[in-house]
Structure formats: structure tokens, C-alpha cells
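Working notes for the structure below.
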Amino acid sequence: MRRVAPSLLAADFGHLAAQIQAVEAAGADWLHCDIMDGHFVPNISFGLPVVAAIRRYSRLPLDVHLMIIEPERYIEAFAEAGADIITFHWEAAPHADRVVRRIHQLGKRAGIALNPATPVEVLRDILPFVDLVCVMSVNPGFGGQAFLPHIPQKLQRLSALRAELRAPVLIEVDGGVSPQIAPLLQEADVLVAGSSIFQAPDPAQVIALLRQASPLHTS
Ligand code: DX5
Ligand code: ZN
Numbered sequence: 042m043r044r045v046a047p048s049l050l051a052a053d054f055g056h057l058a059a060q061i062q063a064v065e066a067a068g069a070d071w072l073h074c075d076i077m078d079g080h081f082v083p084n085i086s087f088g089l090p091v092v093a094a095i096r097r098y099s100r101l102p103l104d105v106h107l108m109i110i111e112p113e114r115y116i117e118a119f120a121e122a123g124a125d126i127i128t129f130h131w132e133a134a135p136h137a138d139r140v141v142r143r144i145h146q147l148g149k150r151a152g153i154a155l156n157p158a159t160p161v162e163v164l165r166d167i168l169p170f171v172d173l174v175c176v177m178s179v180n181p182g183f184g185g186q187a188f189l190p191h192i193p194q195k196l197q198r199l200s201a202l203r204a205e206l207r208a209p210v211l212i213e214v215d216g217g218v219s220p221q222i223a224p225l226l227q228e229a230d231v232l233v234a235g236s237s238i239f240q241a242p243d244p245a246q247v248i249a250l251l252r253q254a255s256p257l258h259t260s
């Protein structure tokens, strides 16, 4: 069953607890937290105290997407703040294997995110050891951007690599995802969506539509 992870970056931060409750009631499976440092990406979002606050208001798995340089410096702190899945960028971590091991030592699930220009083949040697690959379908840094058209092909290549390696990894797609785009994302096990959920008059309907197209492979 495909999971839907609303990105809280698109929420009204002045009413975060209420927004969390609203997407939970609307059927969210995970909560996606976008951490931006103003270095790896040209924007600053929120950090540890906000993740800890989100943790206090929800029992859903927290899917923490680190768009930060030197992610290894902050893995432990985000684990303590309540992250369940910790995803870092391949482009920000020359020692990705070490970062994955550290996340697992802390008892959390490890994800690796790829920028739109990074080919999936770079993951060949590490894919069997990670829990999730986050395929960025916009250049990270901002919500509300347009989905990039080369991503469906990239998902097919990642899905083929996963099958070849028999890697039990979840494929997540993040950026510009809407019910109109969802049919192009058959390989995705997890869809992240910010604006399309939080700006909708009926978030429950959007979440249901995003979930509708089941992934080809479930892991
Ligand atoms: C982009 C973030 C995404 C973003 C998604 O840098 O990683 O998670 O918030 O928002 P939408 O769905 O509005 O593109
Ligand atoms: Zn994200």
C-alpha cells in the first residue's frame, strides 16, 4: 500500500498542531519534515526544536529530510528529537555508508535523497543497505515548484536497479507531486506532497487520490 507523507513545510506554522491534526485526520501515513540549512540549499526552514514539537503532537512516523551539509553532525540530535526515518543527501555525504550505519546504530531507518541531476546508478553499492531512496522531483530548497519531467524515467531506472539487487528499499518521490502527477509515479511507495495537500480545500480527497495508484512493487 502506497504511503502519503504531507510535507509540513507547506503548513501554516502559526497553527502547526492543528495542521498536523488535520492531515492526520485526512489520512496521512507519515509526516515529512524538511530541514534546510541555507548552505546545501538556498533556503532556511526549521530545525531541531520544531521537529521535537511535531513529535509531541503526533504518533505518525516522522520522515526527516535533511537538506544540510555534513549531515553526520546532526544525525544523533534528529534521532533524539523524534525522527523515525532520517534521509540525507548523497551529494552532501562523501561517506554515505558511514552515515547509514550511524542512523541504523541509533535504531532509525536510513534514507538517501538524490538531487534531480544525480543518476540513480550512484546508489548501486549502497542500495541493499538503505531503507529508502528519496528521488527529488524538484531542485530542493523550496515548496511549490513544478515537477521535473525527467523523473518518471529515473524512477523506472531505480525500480529496475532495486529489482536487480533484490534490495528491500522504499522509493519516495518528493517535489511538485499532485494527484495529476501521481499516475506517472507508479514505482513510488511513498509520495511526499506539500502544497497540493495543504492548499487543497479537501486534503483528505487529495491524500486518497495520491494513494490510489498502487505501486508496482511493494517492499
Ligand atoms: C523541497 C522539499 C519538499 C517540498 C515539497 O525542497 O524537500 O519536501 O516541501 O513541497 P511541494 O509538494 O509543494 O513541492
Ligand atoms: Zn522534502
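Every number in the working numbering is 41 more than the matching position in the sequence shown, counting from 1.
By construction, the Cβ of each residue, glycine as well, lies at the ideal position given by its N, Cα and C atoms.
Note that the structure is predicted; figures quoted are calculated from it, not measured.
key: Euclidean distance between Cα positions of F119 and L103   = Taking the straight line from one Cα to the other gives about 10 Å.
ask   = Does the distance from the C-beta atom of A67 to that of A208 stay below 9 Å?
value = Cβ distance not < 9 Å, so A67 and A208 don't count as in contact.
ask   = Looking at the unbroken beta strand (DSSP E) that takes in P47, where does it start and where does it end?
value = First-last of the beta strand (DSSP E) with P47: R44 to P47.
query = Is DSSP giving H258 helix, strand or coil here?
reply = Low confidence applies here, because H258 scores a pLDDT of 48, under 50, leaving its location unreliable and the question unanswered by this model.
inquiry  = Just to confirm my understanding: we take I85, look at its own chain, exclude 5 residues before and 5 after, and list those with CB closer than 8 Å. What are they?
reply    = Cβ within range, chain order: M77, D78 and G79.
message = Below 8 Å, is the gap between the Cβ of D75 and the nearest heavy atom of the ligand ZN?
response = D75 Cβ: within cutoff of the ligand ZN.
request  = On a CA-only basis, which of I95, C74, L196 and R97 is nearest P181? Give me that one, please.
outcome  = Taking only the C-alpha atoms, the option nearest P181 is C74.
task = Using 10 angstroms around the beta-carbon of P112, count the other beta-carbons present and answer buried if the total reaches 16, otherwise exposed.
result = Buried.
task = Specify the secondary structure class of L232 as computed by DSSP and reduced to three states.
result = Strand.
inquiry  = Is any non-hydrogen atom of the ligand DX5 found closer than 8 Å to the C-beta of A208, if you look at the structure I gave you?
reply    = No - the ligand DX5 has no heavy atom lying nearer than 8 Å to the Cβ of A208.
inquiry  = Just to confirm my understanding: we take H258, look at its own chain, exclude 5 residues before and 5 after, and list those with CB closer than 6 Å. What are they?
reply    = Reliability of the predicted coordinates at H258 is poor, the pLDDT of 48 falling under 50, and the value obtained from them is presented with this limitation in mind. There are no such residues.
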